[in-house]
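So the structure is just underneath, and the comments pick up after that.
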Amino acid sequence: MPSYTLECGCGCGTFEAKSPRARWKTPGCKKRAQREAAGTAGADPTAGLKPEDPLVTAVRKDLAAANQLETVDGQIALHLAKQVKAATGTAAGSLAKELRQVLDRIGATPAPTPAGDQPKTAEVEDDEVTEARRRREAKAREAADRA
Ligand SMILES: [Zn+2]
Numbered sequence: 218m219p220s221y222t223l224e225c226g227c228g229c230g231t232f233e234a235k236s237p238r239a240r241w242k243t244p245g246c247k248k249r250a251q252r253e254a255a256g257t258a259g260a261d262p263t264a265g266l267k268p269e270d271p272l273v274t275a276v277r278k279d280l281a282a283a284n285q286l287e288t289v290d291g292q293i294a295l296h297l298a299k300q301v302k303a304a305t306g307t308a309a310g311s312l313a314k315e316l317r318q319v320l321d322r323i324g325a326t327p328a329p330t331p332a333g334d335q336p337k338t339a340e341v342e343d344d345e346v347t348e349a350r351r352r353r354e355a356k357a358r359e360a361a362d363r364a
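Reading the sequence shown from the start, the letters are residues 218 to 364 in our numbering.
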């Protein structure tokens, strides 16, 4: 029986599973993740998860600056930001648009990233995953700018 080392969806670490589709280390992990996703007051659902995406970080900063981080709209914006990163093509475009609308509504608009100012790309340039993600980010940014 092959086993897989997977990352628990709640962010508590890795675990051995019999199926590559397993998401939770323990049933408690699933409950905890669901509770956090439901928006426990003050809880940061992404705390302890893997390094955050720059877009999500940017949105979080803007929300914090606008004092909107713990509002429903703020949480929706963060959720959308994460989905933009996971989405591709037209899905990413419409999610970015939605994100922009939420941010506009609450008065927190992400500062545009100046083209050519991307120090993070210097570190791991030939990393395929990073490269793919950078392309997605660029796409999302374009879509957001067009929106
Ligand atoms: Zn867990």
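Here a beta-carbon is modelled for each residue, glycine too, at the ideal position from N, C-alpha and C.
CA nearest to the CA of residue i, picked from the options
i	options	result
Ala361	Gln285, Ala255 and Gln318	Gln318
Glu253	Pro271, His296 and Glu224	His296
Val289	Glu233, Leu320 and Thr231	Leu320
Pro244	Ala255, Cys225 and Gln300	Cys225
Arg351	Cys229, Gly324 and Val301	Val301
Ala255	Ala357, Leu223, Glu345 and Ile293	Ile293
Ile323	Asp279, Glu345 and Ala357	Asp279
Lys368	Ala357, Ala303 and Leu272	In this structure the chain extends from 218 to 364, so residue 368 is not present and cannot be described.
Buried versus exposed, by CB contacts within 10 Å (16 or more), residue i
i	result
Lys235	exposed
Ala349	exposed
Val276	buried
Arg363	exposed
Gly310	buried
Gly291	buried
Ala308	exposed
Lys248	exposed
Ala355	exposed
Inter-residue Cα distance where the pair is residue i and residue j
i	j	result
Ala281	Glu287	8 Å
Glu375	Gln251	In the structure displayed, the chain extends from 218 to 364; residue 375 sits before or after that span and is not available.
Leu312	Thr305	10 Å
Ala283	Arg240	34 Å
Gln285	Thr347	30 Å
Leu316	Arg353	16 Å
Arg238	Ser220	11 Å
Lys299	Glu233	26 Å
Asp270	Gly230	18 Å
Pro268	Cys227	14 Å
Leu272	Ala303	11 Å
Proximity test, residue i beta-carbon vs ligand 2 heavy atom, cut-off 7 Å
i	result
Lys235	Questions concerning ligand 2 fall outside what the structure shown contains, since the ligands it does hold are ligand 1.
Cβ of residue i within 8 Å of any chain B Cβ
i	result
Thr274	Here there is only one protein chain, and chain B is not present.
(message) Which residues end up in the neighbourhood of ligand 1 when you take C-beta atoms closer than 5 Å to any of its heavy atoms?
(response) Cys225, Cys227, Cys229, Lys242 and Cys246
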